[in-house]
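Enquirer: What follows is a single structure, and I will ask about it in a moment.
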Amino acid sequence: MPAQPSALPRPPAEMLAALRAELAAARQTRGPTLGFGLAAIDDRLADHGLDAGALHEIAAASASLNDDAAATLFAAGIAARFADEPGFNVFWAVTAFDLYAPGLEQVGLGPGKLLYAQGRKDVDVLAMAEDALRDGSLACVIAEVKAADMTATRRLQLAAADGQTPLLLYRRHRSRERCPLAAPSSAMTRWRIGCIASERLPWPGIGRPRWRVDLVRQRNGDPFSLELEACDAKGRLALPAAIGDRTATPGRTPAQERAVSHAA
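Reading the sequence shown from the start, the letters are residues 12 to 275 in the working numbering.
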């Protein structure tokens, strides 16, 4: 009998369609939002998580390198959880390539999950992000820009909704210590991230980093602020032990809570 012909490789268009179908099925299972897995955050979000087809903005609490790193890792941790399925990738567009790959991998976003792109100006980055969103084959898109006006953010919000792909827009430029989130935007949520002192350990060493996470604005919901432990190896945030293990007493500061906890 003649040998059966081997199966021909599928053309790129067919492969892309299959990838989109697979991603859509995973999104259907995950739901329209991605929760943080912390009631302290999810219960205060209007959608009980981050809308998976919307624009979300992030800024550092100050111009310091520490806060810049915290905001970057906050975005990376969210992206890692959006891309937690095999074969799902994150598109990260920048004007200056200064990302530290080992740091991103520590919050669950390894090199096998990332596609990088670099543009000369913000307008190039915004255009690449919009194209990536409308493609619909990515788990998440991150774009770093100095500025984005209302028209630009409206286009990005529409593109995210059309492609059912979340966009994390990191506004990195700070002029005279003015928060970039003061500018108007069409974003569904707007986050400000800053470093705070980590918990003291009973032996010499460095404790898990802590961040002050401020939800500055959200549609159909109220702003709030929390002190949280930084992302772990799977991109998950956590409540500090003194808060997570016991109910805080109204009127007590975190330092007082820790003192009571140690005394007990």
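No residue lacks a Cβ here, since even glycine has one placed at the ideal position from N, Cα and C.
(1) Determine the DSSP secondary structure at Leu-250, reduced to helix, strand or coil.
(2) In angstroms with no decimal places, state the Cα-to-Cα distance between Ser-75 and Trp-222.
(3) In three-state DSSP terms, what is Leu-45?
(4) In its own chain, which residues sit with a C-beta less than 6 Å from the C-beta of Arg-41, not counting the 5 before and 5 after it?
(5) Report the partner residues of Asp-62 according to the DSSP bridge assignment.
(6) When the Cβ atoms of the stretch 233-251 are set against those of the stretch 115-122, are three or more pairs found closer than 8 Å?
(7) Taking the alpha carbon of Pro-130 as the point to measure from, which residue in Pro-97, Phe-93, Ala-138 has its own alpha carbon closest?
(8) Take Leu-178 as the anchor and find which of Glu-188, Ala-194, Ala-193, Val-156 has the nearest alpha-carbon.
(9) So, with DSSP's three-state summary, where would you put Ala-104?
(10) Give me the Cα-Cα distance between Gly-121 and Val-152, rounded to the nearest whole angstrom.
(11) Ala-235 by DSSP, collapsed to three states: which one?
(12) Work out the CA separation of Ala-107 and Gly-98 for me, nearest whole Å.
(13) How far does the alpha helix (DSSP H) with Asp-95 in it extend, from its first residue to its last?
(14) Can you list, in chain order, the residues of its chain with a C-beta nearer than 6 Å to that of Leu-126? Leave out the 5 residues immediately preceding and following it.
(15) Out of curiosity, what's the CA-to-CA distance linking Ala-70 and Arg-228?
(16) Tell me, which residues are paired with Glu-240 by DSSP?
Expert: By the coordinates alone:
(1) Start at 1 with the first residue of the sequence shown, and residue 250 comes out as number 239. In the three-state DSSP reduction, Leu-250 falls in the coil class, being neither helix nor strand.
(2) For this step, residue 75 is matched to residue 64 along the sequence shown. For this step, residue 222 is matched to residue 211 along the sequence shown. Our two residues, Ser-75 and Trp-222, have alpha carbons roughly 14 Å apart in a direct line.
(3) For the purposes of this step, residue 45 is taken as residue 34 along the sequence shown, with counting starting at 1. It is a strand residue.
(4) Position 30 of the sequence shown, counted from the first residue, corresponds to residue 41. The pLDDT assigned to Arg-41 is 49, lower than 50, so where the model puts this residue is not dependable; a value taken from the coordinates is nonetheless given after this. Within the same chain, Arg-41 has no close Cβ partners at all.
(5) As a first step, residue 62 must be located in the sequence shown, where it is residue number 51. BP columns for Asp-62 point to Thr-44.
(6) With the cut-off at 8 Å, the stretch 233-251 and the stretch 115-122 touch.
(7) Position 119 of the sequence shown, counted from the first residue, corresponds to residue 130. It should be noted that the sequence gives Gly, not Pro, for residue 130. The residue with the shortest Cα to Cα distance from Gly-130 is Ala-138.
(8) Taking the first residue of the sequence shown as position 1, residue 178 is located at position 167. The alpha carbon of Leu-178 has as its nearest neighbour, out of Glu-188, Ala-194, Ala-193, Val-156, the alpha carbon of Val-156.
(9) For the purposes of this step, residue 104 is taken as the residue at position 93 of the sequence shown. Three-state result, Ala-104: strand.
(10) For the purposes of this step, residue 121 is taken as the residue at position 110 of the sequence shown. For the purposes of this step, residue 152 is taken as the residue at position 141 of the sequence shown. Their Cα atoms are separated by approximately 15 Å.
(11) Your numbering for residue 235 matches position 224 in the sequence shown. Ala is not the amino acid found at residue 235; the sequence shown has Phe there. In the structure shown, the three-state DSSP call for Phe-235 is strand.
(12) For the purposes of this step, residue 98 is taken as the residue at position 87 of the sequence shown. For the purposes of this step, residue 107 is taken as the residue at position 96 of the sequence shown. The straight-line gap from Cα to Cα measures roughly 27 Å.
(13) Residue numbering aside, residue 95 sits at position 84 when the sequence shown is read from its first letter. If you look at Asp-95, you'll find it isn't in any alpha helix (DSSP H); DSSP assigns it neither H nor E.
(14) For the purposes of this step, residue 126 is taken as the residue at position 115 of the sequence shown. Asn-100, Phe-102.
(15) Counting from 1 along the sequence shown, the entry for residue 70 is found at position 59. Counting from 1 along the sequence shown, the entry for residue 228 is found at position 217. When the Cα atoms are used, Ala-70 and Arg-228 turn out to be separated by approximately 12 Å.
(16) Working through the sequence shown from its first residue, we reach residue 240 at position 229. Note: Glu-240 sits in a beta bridge opposite Arg-221, Ala-249.
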